[in-house]
Every structure is written in C-alpha cells, then in structure tokens.
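Chemist:
Protein chains: 2
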Amino acid sequence: MRKQVADKAGVSEATVSRVFSGSEAVKPKTRERVLQAASELGYVPSELARQFAKRRSGNIGVVLPYLPKVQLFSTYYFSEILGGISEAARELGSDLLLLQRSPDERREYGLLFRQRKVGGLIVLGARDGEEEREALLELERDGHAYALVNQRMEGLEQRTVEADHREGSRLATAHLLEQGWSRPAFVGGPPDYSNSRDRLLGYRDAMSAAGAERLEPLVGNYSRKSGLEMADAAARLIRSGEADALAAANDRMAIGLLQGMRQLGLEAGRDYGLAGYDDSDGARLTQPALTSVSASFYEMGRLAARMALGELERPDGKLPPRLVVRESSLKRDVERN
Amino acid sequence: MRKQVADKAGVSEATVSRVFSGSEAVKPKTRERVLQAASELGYVPSELARQFAKRRSGNIGVVLPYLPKVQLFSTYYFSEILGGISEAARELGSDLLLLQRSPDERREYGLLFRQRKVGGLIVLGARDGEEEREALLELERDGHAYALVNQRMEGLEQRTVEADHREGSRLATAHLLEQGWSRPAFVGGPPDYSNSRDRLLGYRDAMSAAGAERLEPLVGNYSRKSGLEMADAAARLIRSGEADALAAANDRMAIGLLQGMRQLGLEAGRDYGLAGYDDSDGARLTQPALTSVSASFYEMGRLAARMALGELERPDGKLPPRLVVRESSLKRDVERN
DNA sequence: CATCATAATGTACGCGCGTTCATTCTAACG
DNA sequence: CGTTAGAATGAACGCGCGTACATTATGATG
Chain A
1 MRKQVADKAG VSEATVSRVF SGSEAVKPKT RERVLQAASE LGYVPSELAR
51 QFAKRRSGNI GVVLPYLPKV QLFSTYYFSE ILGGISEAAR ELGSDLLLLQ
101 RSPDERREYG LLFRQRKVGG LIVLGARDGE EEREALLELE RDGHAYALVN
151 QRMEGLEQRT VEADHREGSR LATAHLLEQG WSRPAFVGGP PDYSNSRDRL
201 LGYRDAMSAA GAERLEPLVG NYSRKSGLEM ADAAARLIRS GEADALAAAN
251 DRMAIGLLQG MRQLGLEAGR DYGLAGYDDS DGARLTQPAL TSVSASFYEM
301 GRLAARMALG ELERPDGKLP PRLVVRESSL KRDVERN
Chain B
1 MRKQVADKAG VSEATVSRVF SGSEAVKPKT RERVLQAASE LGYVPSELAR
51 QFAKRRSGNI GVVLPYLPKV QLFSTYYFSE ILGGISEAAR ELGSDLLLLQ
101 RSPDERREYG LLFRQRKVGG LIVLGARDGE EEREALLELE RDGHAYALVN
151 QRMEGLEQRT VEADHREGSR LATAHLLEQG WSRPAFVGGP PDYSNSRDRL
201 LGYRDAMSAA GAERLEPLVG NYSRKSGLEM ADAAARLIRS GEADALAAAN
251 DRMAIGLLQG MRQLGLEAGR DYGLAGYDDS DGARLTQPAL TSVSASFYEM
301 GRLAARMALG ELERPDGKLP PRLVVRESSL KRDVERN
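Protein sequences, first through last, are from chains A and B.
The first sequence: position 219 = 219 (the working numbering), numbered continuously.
The second sequence: position 163 = 163 (the working numbering), numbered continuously.
#1: Pick helix, strand or coil for A/V324, following the three-state DSSP scheme.
#2: Anything in chain B within Cβ reach of A/V44, meaning under 8 Å, just list it in chain order.
#3: With the cut-off set at 8 Å, would you say A/T173 and A/A206 are in Cβ contact?
#4: Nearest chain B C-beta to A/R47 closer than 8 Å, yes or no?
#5: Within 10 angstroms of its Cβ, does A/E345 collect 16 or more other Cβ (buried), or is it exposed?
#6: Taking A/A135 as the reference, give the member of A/G125, A/Y193, A/A209 and A/E108 with the closest Cα.
#7: Comparing the C-beta of A/R166 with each C-beta of chain B, is any distance below 8 Å?
#8: Which value, in whole angstroms, describes the spacing of the CA atoms of B/A275 and B/D142?
#9: Nearest CA to the CA of B/L218: which residue from B/K225, B/S79, B/A185 and B/R224?
#10: Going along the region 282 to 295 of chain B in order, which residues come within less than 7 Å of chain A, judged by CB to CB distance?
#11: Exposed or buried, what is A/G227 when buried is set at 16 or more other beta-carbons lying within 10 Å of its beta-carbon?
#12: Quick one: what's got a C-beta closer than 7 Å to B/P35's C-beta in the same chain, skipping five residues either side?
#13: Using the rule of at least 16 other Cβ atoms within 10 Å of the residue's Cβ for burial, across every protein chain shown, is A/A283 buried or exposed?
#14: Taking a Cβ distance cut-off of 9 Å, strictly less, list which residues of the region 232 to 256 of chain B are near chain A, in chain order.
#15: Between the alpha carbons of A/Y203 and A/R170, how many angstroms are there, rounded?
#16: Nearest chain B C-beta to A/S86 closer than 8 Å, yes or no?
#17: At the level of alpha carbons, what is the spacing between B/I122 and B/F113?
#18: In the structure shown, what three-state DSSP assignment does B/P28 receive?
#19: Counting contacts by CB-CB distance shorter than 8 Å, is B/F20 in contact with chain A?
#20: Give me the residue from A/A209, A/S294 and A/E229 with the minimum Cα distance to A/D251.
#21: Identify whether B/Q100 lies in helix, strand or coil by the three-state DSSP scheme.
#22: Under 8 Å between C-beta atoms, does A/D278 make it to chain B?
#23: I'd like the list of long-range same chain contacts for A/E311, defined as Cβ closer than 7 Å, with 5 residues on each side in sequence excluded.
#24: Take every Cβ of the region 115 to 129 of chain B, pair it with every Cβ of the region 53 to 64 of chain B, and state whether three or more of those distances are shorter than 8 Å.
#25: Short of 6 Å in beta carbon distance, which residues of its chain neighbour B/L201, apart from the five on each side in sequence? Order them along the chain.
#26: Check the Cβ of A/F52 against every Cβ in chain B and list those closer than 7 Å, keeping chain order.
#27: Rounded to the nearest angstrom, what separates B/P320 and B/E140 at their Cα positions?
#28: Express the C-alpha separation of A/A49 and B/G220 in angstroms, rounding to a whole number.
#29: Out of curiosity, what's the CA-to-CA distance linking B/A308 and B/A147?
#30: Between the alpha carbons of B/V16 and B/L41, how many angstroms are there, rounded?
#31: If you measure from the beta carbon of A/Q4 to each beta carbon in chain B, is any gap under 8 Å?
#32: Thinking C-beta only, is B/E80 closer than 8 Å to B/G301?
#33: Rounded to whole angstroms, what is the Cα-Cα separation between B/A268 and B/E327?
#34: Quick one: is A/A96 near chain B, going by C-beta distance under 8 Å?
#35: Is there a C-beta anywhere in chain B that falls below 8 Å from the one on A/S328?
#36: Could you spell out where the alpha helix (DSSP H) holding A/S194 opens and where it closes?
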C-alpha cells in the first residue's frame, strides 16, 4: 500500500513515511506529490502499525475502580474528571483507554505499560493501601508518567492532582458564619480518604478564626442516603440550639439532609443554614438551591491528563476552590408564592 | 525476549506464542514449562505487537460528539450508557477507546477502522444527516460491526439499540390523564432526533386513546435552560386553562419548567401536573420530586457493546420503558410544613 | 567551474507477534 | 514390530510502519 503510493509519487517508501509522520524535512513539492498520490489511492497510515513500530501508543489509560453495584459514571465526581481528561487528551492528540479494574487485579499498573503500552496512566479512586502504593512506586521507578487524582499517598505527593479541600471547607464554613449562623456543625465523610480529613480541618480553621466553639462532627459516607439517615440527629442539634447550621462535606449528603430535615419540619435557609461541597448538578435542583464549593473536578481532569502525557512535571499547587452561594445558606425566610 | 523464554523452556518461539495465544494445541507439560520460564523472566506478550500482527485491536471505539461548552459526561444519559458499555466490554475482554469528535470531522467513521483499527464502533448522539448516513453505510458495506444508540436511521434500523420511546411517552401521558389532568400538553425536543419524534407520537397515542384533544407542543432543546425559557409560555397555557399538565420529553426541560414556573407562582402537583423523561438523578432532587420514565440507558449500553463486538446480530426489539411515579404528577396540594 | 556543507531522499532492517507449512513425535492398530 | 493418522512442534516469513545510515541533489562560495 505504502509502496504503491511511493511509486505513484515517484519517491521511496521512506519519504512517504516522512510525509505522514510530519516531523522530518521533506521538500514541499515532494510532499505535495505524495499527499496527492495517497489521496488518490485512499492511503491512510495504520495507527496500529505506527504505534507498534514506535513501541508506544499515544493512549492514555484511565483506571477506574470496578464496583459491581455502583454505576460509577453516574456520579458527578467521575463524570467531571473524565470530561476534563478527555478534553485535554483531545488537545494533545491522544485517545483514552478506559480500564476498569476490580480490586483483586489492582497492583498490575506496570503491566499496562509493558503489555498494553499505554502512554500514560491516570488512576482514579486509588485507595491508601500497601499494594496500591507498591504498584505506583514501580511506575515511579520505571519512569512512567502517571497521575493520581484526589488521593495523596505518602511519597507520591508530586503525582497527585487535587484541589485545596481544606481551603474550600474553610470558605464554606466562614461563609455560614458571615451570614449570621453562629454555630455551624460539620457533617463529614469517611476519614480514610485524605480529602475527608482535609475538609474537617478546613471547618476547624474557620471556627478557630472566628473564635467560635467547634462542635463534634457528624460522620456519613458521602451518599444521599446517609444524609437522610443523619437528618434526625441533625434536627436535634438544631432544635436544641446546639447548632444553627450545617456544613456538609459533599452535596449528596447535604441534599439528603435537606430532604430529611424537611420531613421533620425544618427548612434550609429559614430554620438553619446549609452548605454542601462539590457544586454538583444537584445543587441547582433542590429547593432552596444549595450553596456549595466548586472544586473544579473538570480542571483536575485536565491537569491529570497533562501529567499522564508528560506535559506537566508536577501540579502547580492545589487547585483553588470557589464558593458558590445559593439560597440554602442565606439567612432569611423561605419565600412563599 | 520471546526467544529467551523459548530457549529457557527448550521450545521454539512458535510454541511460546501458542501458549500465550491460548487457542492452539500444546501439550500440557510443555505449556507448563513455557509458563514457568516466562514467569521467571517476567515475559508478557505485547498487546500492541499482537494487535498489529493480527491486524485488529480488541478495542471498541465509542464516538461521542464533541461539544465545546457542554460537559458531556455530566449528563445522566451519556453516563449511564457509558457505564453499560464499559460493563459489557469488560465481560467480553475488550477495552474502550473513547473518541470525541467534533461535528466537522464526523463522517470519518471508516477511518477509525482502517486507521485506528478499532474492533467495533458505538456511535452516541448521531444525527440524522446525509453525511452521517453515508459514513455509516460505508461501515455497513465493509462489514464492520457497529451500533447506533437511540437514533434510528433509514436503512440502518437493525443497527440501532433503543428503548421504546413512543411507548414511554404514551405511558407518561396516560398516567397524567389517569391522575385527573385532562389537558396535558407536550414539551418536545428537536425533531431531528428520531426519539424526539417518537415521544411526540407517544403523547398523541395516549391523547387519542383517551379521546382527548391534543394541543400544539412546545419545543425546546433538551436543556434545563430551554425549560426555563419555556416557562412563560407554559404558564400562559396553564393559566388560560388551555392545558392543565405538561409531559416533557426529558427531565432537564421538566426541571427547568418546574423551576421557571415556580417563579411565576405555579407549583407542580398543585397547579399543574408534570412528568419528565429519563429518570435522571435530578428527578429525585426537585421539590416536588419529578415523575419520569426510566429508559434503561445502562442496558442499552450493554446491548450496544455486544453488537459492536459482533456478539449480537440485531437487538431483540426495543427495550421497554418504565414509568416512575413521584409527586409532580399527583393531583393534590403541595404539602406545607 | 570545482568544492563542500547541507538538505533531501533512498536503502535496509527491525519492532514482536501470529500463522502457514513442513517436520517430528505419539500412540493405536494390524 | 511396522505402519500410519493425527497431535505436537519447529522454521520461516510477513504484518506496516519508523529510522539509522548511506547516498544523491542543491546551491552557496571561492
């Protein structure tokens, strides 16, 4: 095939190759002839052969944890990150290889490079475990480009793309205080994620700065269901006057709380202040709409992709979060039409 | 590398190849020796070379429309479908190649096979246009395996995986009528999607069956924003008594309408009945919660993947939709705590 | 016009597998 | 024990590129 093009254009196969790989010097007139011939013969270089010859694929592998019952793509968090990755990969001429891996085949990241020849790797939803760390350290040792998203691991900090969750949480809590809610309580997530811990710290920062007394946090698991389940306890806090607002560590719990507490006769923005975290789509849909913190997951995906493609050596600090004020945190009566 | 393994195991390279490709007959004892040697030397066959030699990749390409401003993965529709595709591909031993393509490079589906050597193709968000059809017909002609999701095209019906949107829309409208809303109006999407047309037909089916007079539909573009923008017109319909309920062609428009009409003093479930379509996450978050139609997008993704891998010749009819009744369609006062 | 540096092109080969075809081993049978 | 069909293995090659190195064309300079 390439031979035919070469013959037709009166050049050698090497020249055809050079024309299509782009980088090398080819006389414009020759290039023209080759392209013309190729077009007439319908020749397109095979990406597969090209990758093989260069011993590398331009693909960036995205490892997602495989969780049988959970429909991962439905969650805002993963969706946004994937969107960002996809966008950046697109710009850099790579394609995405989606790799779902169940926990028992987890440690084989190295294989993906040797066997599948991915060009870079992004690991989403990594957990802080020994084998996970070892697998990643192997990548480090072999000089492979990869990125972790939102999960710091000891010794791998420079590979982590994350937002400044502590600051985000501080912003949300400080905002509640400014609005006149003087006793916000924190509703956190499981402490084995580094960002759960960070968000709790941010709450404490804000409380200390305001000289307010911090309350014992409620702990959920980031699901709306767990928010619903905590509504009882939260309502007691509010009714007893122990607390007058809630800073939740994510939107889904916040929405659960909002809905659960409504059942108990408490309205966000009227009877208590409420802030979420993530600025998910859902935050716009509740009544009242949920004040939240935007952590730019999309941007994180973009950064991760650039790291995985070797475009970026290390992230330039943590991404700054942004407070998105809606109604749930504003102190006023819920309007009624 | 393969040579070393062969030597160590005292066999030829061909035998090593046979052991790893699995299919061919190798004496168990020999296989054992080869695997042992490979394991000791850390040999893993290169997937890249394998794909190259076989002139095909086991990847299944998923083409997503690239829309600059829209963050595609955030939408429930695509997320669910991707989840289903990923699941089925996983089971069948394939990986997913995500391919975002902007509208102007749309017709090049054939290239993906010739150039990228994807093993199968799934096209999401296809549009009913001439070039689109031609590109797909080319695949058909070349005997490539591919699947369309939720977009019928003339002559390509057997390649389409879809839910019975007409029936789903009929269900929703009939439900509104049963609830005592006697004059539901339809809020549709752009008519160049086949399922927009189907949903309109379903509405008409229900209206005819009930002997009700059907109204001129409102037309939006499936976004929440367009729902907000139509709120004015919809409110007029309701206030004038021309209509007393709305059957929307998707949840996002329904949610926009719900929010927009609240601004105008109209509450769903009290002042008018409202049903959406898709059973998205958001349907659970509004107040009142949105009645919707669940179209099993996840299952559609699974089917599409099987078609794209040649596992499935043609879909076994359309997937049945399911009505999910929540509060927005129930005729009663909105409760007030 | 001869010289020479440099740009442009050609030659030849290897990347790591799968696979065809030839060859050798195995075991069942007469 | 000889024969033979069939199973197991080996030898050789090609898949379609990129690229190192050799070769030739180009054009500036003396």
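Where is the CB? At the ideal position from N, CA and C, for every residue including glycine.
These figures come from a predicted structure and were not determined experimentally.
Modeler: Reading it off the structure:
#1: Correct three-state label for A/V324: strand.
#2: Against chain B, the beta carbon of A/V44 has neighbours under 8 Å at L111, R114 and Q115, listed in chain order.
#3: Contact check for A/T173 against A/A206 passes: the beta carbons are separated by less than 8 Å.
#4: A small correction: the amino acid at residue 47 of chain A is Glu; Arg does not occupy that position in the sequence shown. Closer than 8 Å to some Cβ of chain B, the Cβ of A/E47 qualifies, so yes.
#5: No information on residue 345 of chain A is available, as it lies outside the stretch 1 to 337 that chain A covers here.
#6: Minimum Cα distance to A/A135 is reached at A/E108.
#7: No - not a single Cβ of chain B is within 8 Å of the one on A/R166.
#8: The straight-line gap from Cα to Cα measures roughly 43 Å.
#9: The closest CA to that of B/L218, considering only B/K225, B/S79, B/A185 and B/R224, is found on B/A185.
#10: Listed by position, the residues of the region 282 to 295 of chain B near chain A (Cβ gap below 7 Å) are G282, L285, T286 and Q287.
#11: A/G227 comes out buried.
#12: One detail in the question is off: residue 35 of chain B reads as Leu in this sequence, not Pro. Answer for B/L35: V19, listed in chain order.
#13: Around the beta-carbon of A/A283, 16 or more other beta-carbon atoms lie within 10 Å, marking it buried.
#14: Here the close residues are I255.
#15: Within the model, the alpha-carbon separation for A/Y203 versus A/R170 is close to 5 Å.
#16: Interface residue, yes.
#17: Using only the alpha carbons, I get a separation of about 12 Å.
#18: The three-state secondary structure of B/P28, taken from DSSP, is helix.
#19: Not closer than 8 Å to any Cβ of chain A, the Cβ of B/F20 fails to qualify, so no.
#20: Closest in C-alpha terms to A/D251, from the list A/A209, A/S294 and A/E229, comes A/S294.
#21: In the three-state scheme derived from DSSP, where H, G and I count as helix and E and B as strand, B/Q100 is classed as strand.
#22: So, not an interface residue.
#23: So the list reads L92, once near-sequence residues are dropped.
#24: Yes: the two stretches touch, three or more of their Cβ pairs being nearer than 8 Å.
#25: Closer than 6 Å at the Cβ level, and outside the excluded window around B/L201, lie R166.
#26: Residues of chain B with a Cβ closer than 7 Å to the Cβ of A/F52 are, in chain order, L48, A49 and F52.
#27: So the two alpha carbons sit approximately 27 Å from each other.
#28: Take the alpha-carbon of B/G220 and the one of A/A49: they are about 46 Å apart.
#29: Approximately 6 Å between the Cα atoms of the pair.
#30: Between the alpha carbons of B/V16 and B/L41 lies a distance of about 13 Å.
#31: A/Q4 is outside the set of residues whose beta carbon lies under 8 Å from a beta carbon in chain B.
#32: In this structure, B/E80 lies closer than 8 Å to B/G301 by Cβ.
#33: Going from the Cα of B/A268 to the Cα of B/E327 covers about 8 Å.
#34: A quick correction: the sequence has Leu, not Ala, at residue 96 of chain A. So, interface residue.
#35: Chain B, which has no Cβ nearer than 8 Å to the Cβ of A/S328, makes this no.
#36: Element bounds for A/S194: S194 to A209.
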